[in-house]
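Chemist:
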Amino acid sequence: DELISQIAAGEVVERPASVVRELLDNALDAGASQITLRLSAGGVRLILVEDDGLGIPREELPVALRRHATSKIASLQDLESVGTMGFRGEALAAINSIADMSLLSRTESDPHAWQLDGRSGELKPAARARGTSVEVRELFYATPARRKFLKTDATELAHCVEAVRRHALVRPDVGFAVWHEGKLVEQWRACSGENAQDQRLADVLGEEFIRKSVAVYYESAALREDGSPSIKVWGRAGIADAARARADLQFAYVNGRYVRDKVISHGARSAYDDVLHGQRQPVYALYLDVDPARVDVNVHPTKIEVRFRDSREVHQAVRHGAENALALPRA
Ligand code: ADP
Ligand code: MG
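Here full-length UniProt numbering is used: position 165 in the sequence shown is 180, and no number is missing along the way.
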């Protein structure tokens, strides 16, 4: 089982940023409103994620580290409509098999926190406000070959920050802070109100992004069983200055999950074909709300890829959304 966990870990965990992504997903699933990340040596030495979410009850702490232990789905039917970021119960078990891990957590009803050592399984009383701290030390300590593939601390840190950025862009209601070697490197305060989403986009991507982009909105005429549009697209899209055009200013989300998807990126680009002439890249942060029955999120270990039942429908929705924003004539 240890070996299977390590193999699963290889699929899920490529570098410190992969751990960060999984731990952020868990914190958000737990309803956190503030998440703090503390890193050392680009995350290789230490990744500590602290949240103020619901916490893990004492008796569930050891279970959380077990493979296929998830508190999030109870049946295969749930898998069709997962509302949480995690659902496979693999991440913590995988990380625990390739690093020194500890969980420190306290729920509302606990008189104090509990700390679980991932290696020894020892559980002892500890101090902490409600929420969870997950500590991951010495990633890949047992697999030096893997560790050798890691880049410099600065590069690994940049990947970790990028992972936080991806989460921050879709959760403006949550505050995020990133510390490296005891220094604050990024901080995005929780935003509220009508402009929360644009405020967060400006905070994370810069005022420039807001100035160069326009609001996108599209709702399909086709409806779901409950009467809501089967697909909705919103966010902002635009074209960066030639000199600043960067493919890394392209963010797409499906049902709250960051994805890299060719259908979406092509849909966005096709809206700009007339103006881009293949010279520049569009920049965008697009949020798609797709009927869960029409998208499969369970196709890739890192959940970064999705499969749409009807990719043409998605392509058109994105394209029309971006075109509407620019008031470009439709083909
Ligand atoms: P999954 O997210 O797919 O359920 P994980 O291995 O990531 O699996 O986590 C296992 C379980 O541990 C979760 O289902 C959840 O019950 C618990 N858990 C993990 N992290 C947190 C957290 N930050 N706050 C509360 N519960 C957590
Ligand atoms: Mg998870």
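Heads up, the beta-carbon is just placed ideally off N, CA and C, and yes, glycines get one too.
All values derive from a computational prediction rather than experimental measurement.
So, helix, strand or coil for Ala128, using DSSP?
Modeler: As a working mapping, residue 128 is identified with position 113 in the sequence shown. Residue state, collapsed to three classes: strand.
Chemist: Measure the C-alpha to C-alpha separation of Glu47 and Glu171 and round it to an integer number of angstroms.
Modeler: To locate residue 47, count along the sequence shown from 1; it is residue 32. To locate residue 171, count along the sequence shown from 1; it is residue 156. Strictly speaking, residue 47 in this sequence is Ala, with Glu absent from that position. C-alpha separation (whole angstroms): 25 Å.
Chemist: Per DSSP, which residues does Thr167 bridge with? Please list them.
Modeler: Locating residue 167 in the sequence shown gives position 152, where the first residue counts as 1. Per DSSP, none; premise fails for Thr167.
Chemist: Sort His195, Val151, Glu75, Arg239 by Cα distance to Trp129 and report the nearest one.
Modeler: The sequence position of residue 129 within the sequence shown is 114, counting from 1. Nearest option by C-alpha distance: Glu75.
Chemist: Bridge partners of Val305, per DSSP?
Modeler: Residue mapping note: residue 305 aligns to position 290 of the sequence shown, counting from 1. According to DSSP, Val305 bridges with Ile246.
Chemist: Where does the unbroken alpha helix (DSSP H) through His281 begin, and where does it stop?
Modeler: Here the question's residue 281 lines up with position 266 in the sequence shown. Per DSSP, His281 belongs to the alpha helix (DSSP H) from 277-286.
Chemist: With C-beta atoms as the reference, is Ala42 less than 7 Å away from Asp66?
Modeler: Within the sequence shown, residue 42 is the residue found at index 27, counting from 1. Within the sequence shown, residue 66 is the residue found at index 51, counting from 1. It is a contact, given that the beta carbons lie within the stated cut-off.
Chemist: Give every residue of the same chain whose Cβ lies closer than 7 Å to the Cβ of Ala173, excluding the five residues on either side of it in the sequence, and list them in chain order.
Modeler: Counting from one through the sequence shown, the residue named residue 173 turns up at place 158. No residues qualify anywhere along the chain.
Chemist: For Ile50, name the three-state secondary structure that DSSP assigns.
Modeler: Residue 50 sits at position 35 when you count from the first residue of the sequence shown. Of the three classes helix, strand and coil, the one that applies to Ile50 here is strand, per DSSP.
Chemist: Please work out which residues of its chain come closer than 8 Å, Cβ to Cβ, to Gly206, disregarding the five sequence neighbours upstream and downstream, and give them in chain order.
Modeler: Taking the first residue of the sequence shown as 1, we reach residue 206 at position 191. Checking the sequence shown, residue 206 turns out to be Cys, not Gly. These residues qualify, in order along the chain: Pro187, Asp188, Gln212, Gln214, Arg215, Asp218.
Chemist: Looking only at its chain, what residues have a beta carbon closer than 7 Å to the beta carbon of Ala346, apart from the 5 residues adjacent to it on each side?
Modeler: Here residue 346 is taken as the residue at index 331 of the sequence shown, counted from 1. Low confidence applies here, because Ala346 scores a pLDDT of 40, under 50, leaving its location unreliable; read the following figure in that light. Closer than 7 Å at Cβ, skipping near neighbours: no residue.
Chemist: Start and end of the alpha helix (DSSP H) containing Glu105?
Modeler: Counting from 1 along the sequence shown, the entry for residue 105 is found at position 90. Here Glu105 belongs to no alpha helix (DSSP H), and DSSP marks it neither H nor E.
Chemist: Considering only DSSP beta bridges, list what Tyr232 is partnered with.
Modeler: The residue you call residue 232 lines up with position 217 of the sequence shown. BP columns for Tyr232 point to Trp249.
Chemist: Roughly how many angstroms separate the alpha carbons of Ile279 and Ser124, rounded to a whole number?
Modeler: If you number the sequence shown from 1, residue 279 lands on position 264. If you number the sequence shown from 1, residue 124 lands on position 109. One C-alpha to the other measures close to 44 Å.
Chemist: Can you name, in chain order, every residue of its own chain whose Cβ lies under 7 Å from the Cβ of Met100, other than the five neighbours on each side?
Modeler: For this step, residue 100 is matched to residue 85 along the sequence shown. Same-chain partners within the cutoff: Asp40, Leu43, Asp44, Arg272.
Chemist: Write down the C-beta distance between Ala114 and Leu154 rounded to the nearest angstrom, noting that I regard them as a contact closer than 8 Å.
Modeler: Residue 114 sits at position 99 when you count from the first residue of the sequence shown. Residue 154 sits at position 139 when you count from the first residue of the sequence shown. Sure, about 5 Å apart at Cβ, within 8 Å.
Chemist: So for Gly133, helix, strand or coil by DSSP?
Modeler: The count along the sequence shown starts at 1 and reaches residue 133 at position 118. Three-state result, Gly133: coil.
Chemist: Taking C-beta to C-beta, are Leu52 and Leu80 nearer than 7 Å?
Modeler: Taking the sequence shown and counting its residues from 1, the one referred to as residue 52 is at position 37. Taking the sequence shown and counting its residues from 1, the one referred to as residue 80 is at position 65. Contact: no.
Chemist: Quick one: which unbroken beta strand (DSSP E) runs of 3-plus residues sit fully inside the segment 169-233? Chain order, please.
Modeler: The segment 169-233 contains these whole beta strand (DSSP E) runs: 190-195, 198-203.
Chemist: Could you tell me which of Arg60, Asp241, Pro244 sits nearest to Glu150, measuring between CA atoms?
Modeler: Numbered from its first residue, the sequence shown carries residue 150 at position 135. Nearest of Arg60, Asp241, Pro244 to Glu150, Cα basis: Arg60.
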